[in-house]
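Numbering (the numbering used here), first residue to last: 96 to 444.
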Ligand code: NAD
Ligand code: DAU
């Protein structure tokens, strides 16, 4: 059996990647290493937690001896690295937490992989999952390509850019077999409700204000999370060693327009009068250094690996809303306790 380490598998994207690999590759032993921060939730994995080819390990990627031991114990042939601090607003409040996990944690993993594999790199693969935010902010024209120069603008994107540089440096210096992808905004089931879409779904449900930063004119390129997991599968198995792949939805939306569409869907599903939830839209102070537009050119992965998004956006958003309306316990669990403290501080309620 091939043993593969997936980090951050209890988080939003990670749980969809773990599920896909556990269900699709019965000859792989999938080890999910997660610290279970506020963003990690084992409830995301209840449907697969007792499968024979799945193991959960609670631990911190910043703990170097622990990670070294894990490589010895499980003899990993591959790593898919998703563990990170992922929320831009939190990075503005506490940049060092992002340096620790995203930079030091990634370098720890690289060191352990390098030490374990240095005698024989054959068949090994270190896959680093990154973000389109490393490329900075676009104006109304143009797209991010794989060779767009890095220009990160927030502590979060600076930490992810730094981790990408370390991954490439280990490929160059130690010949570690790496592959990197940079993806646009994901949406879908299991996303922690600090991010725009699940936060608005939760607030519409509870008739609370929908906080839109600035004028709501910032643009993001949205991709359904299961399509990202499919891309990760393709890149892990078919991506060329040393390459980078941009992953995106070919699907740009202004924040205000996406929230209006969400209001329409929620009103219909909740049996509210048309346009009722739009009354909750509230323009609030802009995010500091708010990137204007992200837009991915995903033609390389489309042409070279045959990947493309499988869902139309409206269909994906309907599925997402249905999931949140059906999974009330999940939402209640993650929005109780420390979430409330974060929310009150961030939005000064
Ligand atoms: P998330 O915040 O939902 O999950 C992160 C997971 O990492 C959590 O389960 C958390 O417990 C775990 N974790 C955090 N610190 C850890 C540590 N020190 N040791 C072990 N585990 C730790 O994040 P996400 O949205 O699922 O993003 C996953 C990855 O994909 C990140 O690297 C992120 O930068 C990248 N990414 C996210 C998006 C997006 O739209 N969400 C888009 C592109 C790329
Ligand atoms: O582009 C990929 C990135 O997408 C990932 O690397 C990050 O991990 C992920 O969090 C996401 O970053 P964003 O900052 O784009 O996502 P967020 O959901 O926080 O915000 C989306 C847009 O909505 C952004 O322009 C800010 C705005 N926004 C966000 C929140 C939380 C609001 O207007 N109000 C809000 O309350």
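C-beta atoms are modelled at their ideal positions from N, C-alpha and C, and glycine is treated no differently. Small disclaimer: the values here were computed from a predicted structure and weren't measured.
{"query": "Kindly say whether residue 413, judged by its beta-carbon, lies nearer than 7 Å to any beta-carbon of chain D.", "result": "Given the protein chain composition of this structure (a single chain), no chain D is represented."}
{"query": "Please determine if the segment 300 to 320 and the segment 252 to 263 are in contact, where contact requires at least 3 C-beta pairs separated by less than 8 Å.", "result": "no"}
{"query": "Tell me, please, whether the segment 263 to 282 touches the segment 335 to 345 by the rule of three or more beta-carbon pairs shorter than 8 Å.", "result": "yes"}
{"query": "Less than 6 Å separating the Cβ of residue 270 from some heavy atom of the ligand DAU?", "result": "no"}
{"query": "Could you give the distance in angstroms between the alpha-carbon of residue 424 and the alpha-carbon of residue 201?", "result": "33 Å"}
{"query": "Hey, which unbroken runs of the beta strand (DSSP E) at 3 residues or more fall wholly within the segment 158 to 202?", "result": "173 to 176"}
{"query": "For residue 171, which option in 96, 353, 401 and 156 has the closest C-alpha, if you only look at C-alpha atoms?", "result": "96"}
{"query": "For the beta strand (DSSP E) containing residue 315, name the first residue and the last one.", "result": "314 to 319"}
{"query": "Considering only residues of the segment 410 to 443, which uninterrupted alpha helix (DSSP H) runs meet the minimum length of 4 residues and lie entirely inside it, listed in chain order?", "result": "423 to 430 and 433 to 442"}
{"query": "Distance check for residue 228 and residue 242, CA to CA, integer angstroms please.", "result": "14 Å"}
{"query": "Near residue 139, which residues of its chain fall below 7 Å by C-beta distance, leaving aside the five closest residues on each side in sequence?", "result": "105, 110 and 285"}
{"query": "Please determine whether the Cβ atom of residue 108 lies at a distance below 6 Å from any heavy atom of the ligand DAU.", "result": "no"}
{"query": "What do you get for residue 289, buried or exposed, if any count of 16 or more other CB atoms within 10 angstroms of its CB means buried?", "result": "buried"}
{"query": "DSSP state of residue 147, grouped into three classes?", "result": "coil"}
{"query": "Taking all protein chains shown into account, decide if residue 293 is buried (16 or more other Cβ within 10 angstroms of its Cβ) or exposed.", "result": "buried"}
{"query": "Roughly how many angstroms lie between the CA atoms of residue 405 and residue 101, to the nearest whole one?", "result": "24 Å"}
{"query": "For residue 276, write down the residues that DSSP places opposite it in a beta bridge.", "result": "224 and 340"}
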